[in-house]
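Inspection log for the structure reproduced underneath, given as structure tokens.
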Amino acid sequence: MSKKPKVAFFDFTGCEGCQLCAVDLTPEQLFDLLALVDIVEFREVMTDKAESYDIAFIEGSISRKPDEEKIKDIRARSKLLVTLGACSTIAGVNALRNFYPDDKLLHLVYPGHPEIDRTTIARGVSEVVKVDAMIPGCPIDTHEFLRVVKDLLLGKKPEIPTYPVCVECKMNENTCVYEKGIHCLGPVIRAGCNAICPSNGGYCFGCRGAIPKANIESMKEILQKYNLSAADALDKFKLFLERDKEIFPDDKN
Ligand code: SF4
Ligand code: SF4
Ligand code: SF4
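Going by my numbering, the first residue of the sequence shown is number 2, and it counts up by one from there.
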């Protein structure tokens, strides 16, 4: 019988894109992973189930009434529990529903079906159970995923950058999009994606979540300097950061 650590994947509310990333590894990455662990449960790719896990990866936010009991049960059966992607780490795009009162939301999404009342506010997993490590991003970066797996197997705390996207953007020698009058959340968002969006003609919209102690005052100064609206900037923050208490300190739920 295999002595390799047992790994499982579970999904809550999300698009399953992060699980797909974990499936869609390159052959080299897949051999690398399977040499280290046994995947014992993963609804997207297999029917087997297991009773306990060394590492449980959780995709998706907690946003339905039965989710809370399910995640507590998984937590109780897992040595380590790791969030997989923005939805499970910071509630992700699902948190947009938190801006609507339940009755309005049900009317908008399921008109004529008042019996559907199973949703709650969308929360990141750490708001319900203890989380040992996180993999941010929408979707996850597969190199970061494998690095986190290896660190955990070595008993190390995985290193996820705590500096902002701007650092990577400057190292890529990009012209800052603020010079073109475009908002970018890079100054307050967690690096680790190699500033992929501003490096490819876009801007950072915050999918990796805010860095600890994000310098909001400095962000406001940048907006003022470029004569941009703080209201528009806050709208962009809302796409991924509604549950982030650094950015939105007043819990209105
Ligand atoms: S973080 Fe993004 S890619 Fe991953 S499950 Fe959520 S919406 Fe999908
Ligand atoms: S484009 Fe965005 S990430 Fe790059 S330096 Fe400017 S604010 Fe920072
Ligand atoms: S640049 Fe920003 S939005 Fe783009 S992947 Fe990185 S953190 Fe996400």
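All C-beta atoms, glycine included, are put in the ideal place defined by N, C-alpha and C.
At a threshold of 7 Å, Lys-171 counts as near ligand 2, since its beta carbon sits closer than that to one of the ligand's heavy atoms. Inclusion of Gly-86 and Glu-60 in the CB contact set at 8 Å is warranted, their separation being smaller than that value. Ser-3 is classed as exposed because its beta carbon has fewer than 16 other beta carbons within 10 Å across all chains shown. Taking every protein chain shown into account, the CB of Asn-95 has 16 or more other CB atoms within 10 angstroms, so this residue is buried.
Between Asp-12 and Gln-20 the beta-carbon gap is near 6 Å, inside 8 Å, which marks them as a contact. Nearest Cα to Arg-191 within the set Phe-241, Asp-103, Phe-43: Phe-241. Rounded to whole angstroms, the separation of the alpha carbons of Glu-180 and Glu-70 is 49 Å.
For a cut-off of 8 Å, the C-beta gap from Lys-239 to Leu-97 is around 7 Å, short enough to register as a contact. Look at Glu-128: its beta carbon is at least 7 Å from all of the heavy atoms in ligand 1. For Val-178, the Cβ falls inside the 7 Å cut-off from some heavy atom of ligand 2.
Taken in chain order, the complete beta strand (DSSP E) segments of 3 residues or longer contained in the segment 56-111 are 63-65, 79-85. Within the DSSP secondary-structure output, Phe-32 pairs in no beta bridge.
With 16 or more other Cβ atoms inside 10 Å of its own Cβ, Lys-7 counts as buried. When DSSP reads this structure, Asp-236 sits in no beta bridge, so it has no partner. For Pro-140, the distance from the CB to the nearest heavy atom of ligand 1 is below 7 Å.
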